[in-house]
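So the sequence shown is numbered by the working numbering: it starts at 6 and just counts up by one.
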Amino acid sequence: MATYAGRFLESMDERPVDASTDRDELRRRLGGTLAEQPTEPGVVLRELIAAAEDGIVASGAGRFFGFVVGGSLPAAVGADWLATTWDQNAGLFILSPAASVVEEVAAEWIKQLLGLPTEASVGFVTGCQMAHFTCLAAARYHVLAQVGWDVEQRGLASSPQVRVLAGRQRHVTIDRALRFLGLGTDSLELIDVDGQGRMLPRRLSDALQGTPVPTIVCAQAGEVNTGAFDPIAEICQVAHGAGAWVHVDGAFGIWAAASARLRHLVVGLEQADSWATDCHKWLNVPYDSGLAICAHPESHRAAMTAHAAYLIRAESEQPRDEVDWVPEFSRRARGFAVYAGLRSLGRAGLAAMVEGCSDHASRMAARLAEDPEIEILNDVHLNQVLFRVRGADGDGRTQTLAQRVRDGGVCWLSGTSWEGRPAVRVSVTSWRTTAADVDHSAASILAAARP
Ligand SMILES: *Cc1c(COP(=O)(O)O)cnc(C)c1O
């Protein structure tokens, strides 16, 4: 497996980016009844590779620009293999002291890199979805505790109402977290946004007039199509003035804070009450890896701890049991990969990766814009490029463009819709992407866009 994995990773940029087989063929190769008798492990693995390999999308490759995905740094891949090899249960310190301490250290580094309060608590979760769930659970506990309601004990069935406000262009995982938390999507009030998807703080201020009730405001650092940032400083000022909790969805965009050049995009970030982000996107750590960061450790812990919420222990108490900060009980030691990825980059390397991806996005936008039929729809200031095809049947051609590009085999894009019309986006999120990848890909996109 080590030999195979090395070959696969080395050949990543020569492999076709897209999968080249379909579901029926995969079912035929992988399906059938489970044999009564054992199969030798080496045979199982060889046959799995042979059957699955052309159903693999090279999403870690330099010319993969779909969704917002990210590759995997070599040190992070290696550390992830260690996590599997060591097979630690990283729920309790006693079950893996090393896994616990590695998370503590990586959490300290990340708070420094992102300029977040040193006393904030951090849970290493599976992704930004679960980071929202965790942070919003802490928020739900906190805003209800302020009006004398212990939601951990008494639940929501007859609790005071909780309002949740978010921009119209919030990510769908916010709505889903509210469902998981029993707040329901009806608790969500949508605030108007500008043409880049940024929440309008004046509208938020209007919505917050009146008698304060327990309220959570969800801001966004990095909209999935445009890469736009809500004005976090203004949002915090308005929301805190009304006694609300501010949660930031910074799945990928929060990493702008690690760059001196891009940090201006997240002004006020440190004033929020909680932050959700991913390590498996822009930090280039293997799946699955996200972070729930909370400025109120006692609320974070009260919402997550497996002990009773009233047995709150001092935050300074060591050692750190991971179970207190995440929804999982038994769990993978995913901190090793985060730690190794950060160390292999160093502070300068992380900034260079974030800036490099953003420069590649600008280069991509410039290449695409050389064709007068391409309309760039966003201000390209981060790693996202959003565009459409103009001219005769522009919407129709835009609608099918991502598939035609994938069929071309050079790069991988995904479609979206922007202001009710089809659009295509490019997300540059991999450490592997080079200027040559961008030029090669832009040429293939322009060729596919021609009528
Ligand atoms: C990807 C993304 C999420 C969800 O993150 P997962 O890691 O897929 O759970 C949430 N918000 C934004 C802005 C995203 O880009």
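Each residue gets a CB set at the ideal place from its N, CA and C atoms; glycine is no exception.
Quiz item: Can at least three beta-carbon pairs, one atom from the stretch 93–102 and one from the stretch 232–250, be found at a separation below 8 angstroms?
Solution: For the pair of segments examined, the stretch 93–102 was found not to touch the stretch 232–250: the number of CB pairs separated by less than 8 angstroms stays below three.
Quiz prompt | Nearest-angstrom beta carbon gap, E360 and S264 [assumed within contact, 8 angstroms] | solution = Sequence index remark: in the sequence shown, residue 264 carries index 259 (1-based). Sequence index remark: in the sequence shown, residue 360 carries index 355 (1-based). About 5 angstroms; that satisfies the 8 angstroms criterion.
Quiz prompt | Any non-hydrogen atom of ligand 1 within 6 angstroms of C133 CB | solution = For this step, residue 133 is matched to residue 128 along the sequence shown. Checking every heavy atom of ligand 1 against the Cβ of C133, one is found closer than 6 angstroms.
Quiz item: What residues in its chain sit with their C-beta under 6 angstroms from that of L316, if we drop five residues either side in the sequence?
Solution: Along the sequence shown, read from residue 1 onward, the residue named residue 316 stands at position 311. With a pLDDT of 42 at L316, under the threshold of 50, the modelled position of that residue is not reliable, and the figure given next carries that caveat. Only residues of its own chain outside the window of five on either side were considered, and among them none has a CB closer than 6 angstroms to the CB of L316.
Quiz item: If you draw a straight line from the alpha carbon of D128 to that of D59, how long is it in whole angstroms?
Solution: On the sequence shown, position 123 is the one that residue 128 refers to. On the sequence shown, position 54 is the one that residue 59 refers to. Correcting the residue type first, residue 128 is Gly in the shown sequence and not Asp. Distance between the alpha carbons of G128 and D59 is about 36 angstroms.
Practice problem: Would you mind working out which of L78, I298 and D398 sits nearest L121, comparing C-alpha positions? | Solution: Within the sequence shown, the letter at position 116 stands for residue 121. Comparing Cα positions, the closest option is I298.
Self-check item: Own chain, CB closer than 6 angstroms to A182, minus 5 neighbours either side, in chain order
Solution: Numbered from its first residue, the sequence shown carries residue 182 at position 177. Leaving aside the five residues that flank A182 on each side, the residues in its chain whose CB is nearer than 6 angstroms to its CB run, in chain order, H137, F138 and L141.
Quiz item: Does ligand 1 have even one heavy atom less than 6 angstroms from the beta-carbon of A277?
Solution: Taking the sequence shown and counting its residues from 1, one reaches residue 277 at position 272. If you check the C-beta of A277 against ligand 1, you find no heavy atom less than 6 angstroms away.
Exercise. Kindly give me the distance between the Cβ atoms of H305 and S105, rounded to whole angstroms, as I take these residues to be in contact under 8 angstroms.
Key: Taking the sequence shown and counting its residues from 1, the one referred to as residue 305 is at position 300. Taking the sequence shown and counting its residues from 1, the one referred to as residue 105 is at position 100. Not confirmed; about 17 angstroms, so no contact.
Practice problem: Going by CA-CA distance only, name the one from R32, A171, R325 and V218 that's closest to A103. | Solution: For the purposes of this step, residue 103 is taken as residue 98 along the sequence shown, with counting starting at 1. A check of alpha carbon separations from A103 across R32, A171, R325 and V218 identifies R325 as the nearest.
Practice problem: State the DSSP-derived secondary structure class of P21, mapped to helix, strand or coil. | Solution: On the sequence shown, position 16 is the one that residue 21 refers to. If DSSP states are grouped into helix, strand and coil, P21 belongs with coil.
Quiz item: Should H176 be counted as a contact of ligand 1 given a C-beta to heavy atom distance under 6 angstroms?
Solution: Counted from its first residue, the sequence shown places residue 176 at position 171. Yes, the Cβ of H176 comes within 6 angstroms of a heavy atom of ligand 1.
Quiz item: Taking the runs of the beta strand (DSSP E) that are 3 residues or longer, which of them lie wholly in the stretch 149–174?
Solution: Taken in chain order, the unbroken stretches of beta strand (DSSP E) that lie wholly in the stretch 149–174 and span 3 residues or more are 168–172.
Practice problem: Report all residues from its chain with a CB closer than 6 angstroms to the CB of T421; omit the five preceding and five following residues, and keep chain order. | Solution: To locate residue 421, count along the sequence shown from 1; it is residue 416. Scanning its chain for C-beta atoms nearer than 6 angstroms, with the 5 sequence neighbours on each side dropped, one finds around T421 the residues N230, A428 and R430, in chain order.
Quiz prompt | For D412, the three-state DSSP class (helix, strand or coil) | solution = Locating residue 412 in the sequence shown gives position 407, counting from the first residue. Three-state DSSP puts D412 in a helix.
Quiz prompt | Alpha-carbon spacing of L355 relative to Q42, whole angstroms | solution = Translated into the one-based positions of the sequence shown, residue 355 becomes position 350. Translated into the one-based positions of the sequence shown, residue 42 becomes position 37. The alpha-carbon separation between L355 and Q42 amounts to approximately 49 angstroms.
Practice problem: Answer yes or no: the CB of V73 versus the heavy atoms of ligand 1, is any distance below 6 angstroms? | Solution: In the sequence shown, residue 73 corresponds to position 68, counting from 1. Correct: V73 has its Cβ closer than 6 angstroms to ligand 1.
Quiz item: Going along the chain, which residues of its own chain have a beta-carbon closer than 7 angstroms to the beta-carbon of V410, five neighbours each way excluded?
Solution: The count along the sequence shown starts at 1 and reaches residue 410 at position 405. These residues qualify, in order along the chain: C416, L418, S449, I450 and A453.
Quiz item: At a cut-off of 6 angstroms, is A143 close to ligand 1 when judged by its beta-carbon and the heavy atoms of the ligand?
Solution: Locating residue 143 in the sequence shown gives position 138, where the first residue counts as 1. No, the beta carbon of A143 sits no closer than 6 angstroms to any heavy atom of ligand 1.
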